[in-house]
Structure formats: structure tokens, C-alpha cells
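Engineer: If you count by my numbering, then the sequence shown holds residues 2 to 122, one letter each, in order.
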Amino acid sequence: MNNAQIYNMDPNIQIINKDFLKLSVGDIKYPEDRPSKMDVVYMSPPWGGIGYNMVPEYSVKYLHPDFNQVIKKALEFSRNIIMFLPKNTSVEELVQYLIPYAAEFSEDGENRKNELVIEIE
Ligand SMILES: C[S@@+](CC[C@H](N)C(=O)[O-])C[C@H]1O[C@@H](n2cnc3c(N)ncnc32)[C@H](O)[C@@H]1O
């Protein structure tokens with residue numbers, strides 16, 4: 002919050018101290034001049050302790066709260082999700098976990114039907 006104040010961005014920030022899994026769209030107050038829609042959900046979930054880099058491949062099963070619960074909740078707010086994960090996360094497993102969510106986008110118009118874009122950096 003200190004940096005936000007320095008850069009005069011604090012009026013754009015709303016702090017909600019709540020279990021993310023219990024967060025609802027109604028908890029978020031959008032500015033009157035902005036559309037009531039979230040561009041992106043950025044998440045930095047707990048990786049389950051310091052041992053994440055002691056395995057050749059990190060599994061999203063080690064995440065807490067549960068990966069599927071977190072993704073489902075994030076999709077209530079936006080179709081764009083960024084998640085900060087260990088660099089040794091199994092990409093293959095991640096894709097397998099995410100594929101079922103492609104269906105979440107099916108109501109978004111014909112052009113983007115069942116589109117799921119996974120970018121890994
Ligand atoms: C890896 S830390 C993220 C730290 C953050 N990126 C930062 O720079 O301060 C994970 C955070 O998720 C929070 N957390 C865990 N479960 C949560 C939940 N169900 N709802 C909201 N926050 C949760 C933890 O309290 C912890 O602060």
C-alpha cells in the first residue's frame with residue numbers, strides 16, 4: 002500500500018480481507034466511471050512450503066487452497082487468470098487440469114467458443 006500511495010494509485014485499490022474462496026462479485030466496489038468487470042485475476046497462492054524445488058516437477062496438487070477450487074472462483078471474476086507458480090511446475094499436468102475449464106468459455110460468443118489460452122512464462 003505504501004508504494005501505491007507514493008505513485009498516487011491508492012484510490013484505485015480496494016483491500017478486501019476475506020477468504021478468496023468466499024469472495025463474491027458483490028464484494029467488489031467498482032468505480033462509477035469504470036465498467037463493472039475485472040480485466041484479470043492475478044493470484045499468488047501458497048505453494049505448500051519450502052520444499053517446492055526439492056522435487057523434479059512441482060504438482061499443482063501441492064497448492065493450498067485446492068487448485069480447482071481457486072480456478073473456479075477466479076473464473077467468476079474474469080476469464081483472464083494469471084497464477085504465480087514455481088518454475089518447476091509440471092506444464093503437462095497444468096494443461097490437463099485446465100482443459101476442462103475450456104467449457105467455461107463456451108457462452109462467450111462463437112468466435113471464442115471453447116477457447117483456452119495457456120501462456121507460460
Ligand atoms: C505466497 S503468499 C503470497 C504473497 C503475496 N504475493 C505478497 O507478495 O505478499 C500466499 C498468500 O495467500 C494467502 N492465502 C492463503 N489462502 C487464502 C485464502 N483462502 N484466501 C485469501 N488468501 C489466502 C496467504 O495468507 C498468503 O498471504
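Built from N, CA and C at the ideal position, the CB exists for glycine as well.
(1) Under the assumption that Ser45 contacts Ser91 (Cβ atoms under 8 Å), give the Cβ distance between them as a whole number of angstroms.
(2) From the DSSP output, which residues share a beta bridge with Val42?
(3) For Arg35 and Leu64, I'd like the C-alpha separation in whole angstroms.
(4) Just mark Phe68 as buried or exposed, buried being the case when its beta carbon has 16 or more other beta carbons within 10 Å.
(5) What does the Cβ neighbour count give for Val71, buried or exposed, with the cut at 16 atoms within 10 Å?
(6) Enumerate in chain order the residues of its own chain whose CB-to-CB distance from Lys30 is below 8 Å, with the five nearest sequence positions on each side excluded.
(7) Could you pull out every residue in the same chain whose Cβ sits closer than 8 Å to the Cβ of Leu117, ignoring the five residues on either side in sequence?
Structural biologist: Reading it off the structure:
(1) The count along the sequence shown starts at 1 and reaches residue 45 at position 44. The count along the sequence shown starts at 1 and reaches residue 91 at position 90. So it is not a contact: roughly 19 Å between Cβ atoms.
(2) Walking along the sequence shown from the start, residue 42 turns up at place 41. In DSSP, Val42 forms a bridge with Ile82.
(3) For the purposes of this step, residue 35 is taken as residue 34 along the sequence shown, with counting starting at 1. For the purposes of this step, residue 64 is taken as residue 63 along the sequence shown, with counting starting at 1. Going from the Cα of Arg35 to the Cα of Leu64 covers about 33 Å.
(4) Locating residue 68 in the sequence shown gives position 67, counting from the first residue. Flag for Phe68 reads buried.
(5) On the sequence shown, position 70 is the one that residue 71 refers to. Counting Cβ neighbours within 10 Å, Val71 comes out buried, since at least 16 surround it.
(6) For the purposes of this step, residue 30 is identified with residue 29 of the sequence shown, where counting begins at 1. Excluding sequence neighbours, Lys30 sits near Gln15.
(7) The residue given as residue 117 occupies position 116 in the sequence shown. Leu99, Ile100, Tyr102, Ala103 and Phe106.
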